[in-house]
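**Student:** In our numbering, the protein residues as written are 23 to 386.
Ideal placement from N, C-alpha and C gives every residue a C-beta, glycine not left out.
1) At the level of alpha carbons, what is the spacing between residue 147 and residue 260?
2) So within the stretch 142-224, which uninterrupted beta strand (DSSP E) runs reach at least 3 residues, ignoring any that extend past its ends?
3) Please give me, in chain order, every unbroken run of the alpha helix (DSSP H) with length at least 4 that falls completely inside the stretch 45-109.
4) Using beta-carbon positions only, say whether residue 166 and residue 30 come within less than 9 angstroms of one another.
5) What does residue 121 pair with, by DSSP beta-bridge criteria?
6) Using the Cα positions of residue 92 and residue 86, report the straight-line distance between them to the nearest angstrom.
7) With a threshold of 8 angstroms, are at least 3 pairs of Cβ atoms found where one atom belongs to the stretch 322-339 and the other to the stretch 275-290?
8) According to DSSP, residue 35 sits in a beta bridge with which residue or residues?
9) Could you check how far apart the C-beta atoms of residue 373 and residue 386 are, in whole angstroms? I think they sit under 8 angstroms.
10) Is it true that the CB of residue 40 sits closer than 9 angstroms to the CB of residue 150?
11) Nearest to residue 117 by CA position, among 369, 370 and 158, is which residue?
12) On a Cα-Cα basis, can you pick out the residue from 90, 56 and 66 that is closest to residue 75?
13) At which residues does the beta strand (DSSP E) containing residue 280 begin and terminate?
14) If distances are taken between C-alpha atoms only, which option among 135, 220, 122 and 179 comes closest to residue 320?
15) Between which residues of its own chain and residue 349 is the CB-CB distance below 6 angstroms, once the five residues before and five after are set aside?
16) For a minimum of 4 consecutive residues, which ranges assigned as the alpha helix (DSSP H) are wholly contained in the stretch 300-339?
17) Determine which residues share a DSSP beta bridge with residue 290 and list them.
18) Can you tell me whether residue 185 is buried or exposed? The criterion is at least 16 other CB atoms within 10 Å of its CB, across all chains shown.
19) So, at 7 angstroms on beta carbons, what are the nonlocal neighbours of residue 314 in its own chain, with the 5 sequence-adjacent residues on each side left out?
20) Alpha carbon to alpha carbon, how far is residue 81 from residue 396? Give it in angstroms, no decimals.
21) Which class does residue 386 belong to by DSSP, given the choice of helix, strand or coil?
22) Who pairs with residue 228 in a beta bridge, going by DSSP?
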């Protein structure tokens, strides 16, 4: 299988894919287009300084990309069966306040990937990585949010145009998730076998975060139990930047003009103004991304351990139920709203009961 994997700079895309490659035991090979372009330029006797490749003349850049994809096409057919090939690349760059295309339709059609994926991470984590390298000072938080959305949108359109599967893969999900999609979902489907069940895990996130730690621990236990049972689980908390909104509001109330956060062993700061400029993007993209994660799943599994009202969960239930998804709820209380009953396929008192049902019904 050939997988076309995209993700903006700073998303941790290549590091994540290398983790998948290492975990695969040799069944997955990763080729990074950027690394290969630098290698081909050296072979051609052209040394491109770090951070200057996007300043090349557009014809030179297109030629270098074409030479690179010609090399990839030479080995393409080795990966139709057996070892899987992941092509790590971009669809576009947001450079000097405008977009630069990062692929060629001719070579993309020649490559004819079997699956498209887009690696995403929280915007402030991307910002932290970019500030540590050649992108330092180039992009605001809002511009990162826009670029991340453009990359995901373009990748999904390419997949739709070629009628191939498309997945958003949160960087903070374990590499086992992508490996299972390759092997147990798309791999099985290609062999005519029943694919593993894909589930979106819905829960009252705001309440679970603000309440006792035991609820988040219980959510993780439910997720782990489902994964052990063979379910591929997508967790919306894997991309979480709404906490930036609260941090900015708290800082402003205290008269501070910046917020600080720790990431990958370092401390970073963002101005309150930069966060405020991006708040609407953060909120809207959170909702839109969660719906896209639901779209790529077979079912929604609702973990609802409290009786507190959650607009997010209820909207996800309604969205999934009205978009041809089965909605299974874990709700341990006797009193149930008629609306909750109406928009759920079945309600269980615990995750073990749900897993038993999925086994008995042949879903896992």
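**Tutor:** With the structure as the only source:
1) Near 12 angstroms, if we compare the C-alpha coordinates of residue 260 and residue 147.
2) 188-192 and 220-224
3) 55-65 and 80-97
4) yes
5) For residue 121, which the question treats as bridged, DSSP gives the partners 116.
6) 10 angstroms
7) no
8) Residue 35 pairs with nothing; no bridge assigned.
9) Not really, about 13 angstroms apart at Cβ, beyond 8 angstroms.
10) For the pair residue 150 and residue 40, the CB atoms are not nearer than the 9 angstroms cut-off.
11) The residue with the shortest Cα to Cα distance from residue 117 is 158.
12) When the alpha-carbon of residue 75 is set against those of 90, 56 and 66, the nearest one is in 56.
13) 280-285
14) 220
15) 322, 339, 342, 343, 366 and 367
16) none
17) 283
18) So residue 185 ends up on the exposed side.
19) 190
20) Shown here, the chain extends from 23 to 386; a query on residue 396 therefore has no answer.
21) coil
22) Its beta-bridge partners do not exist; DSSP assigns none.
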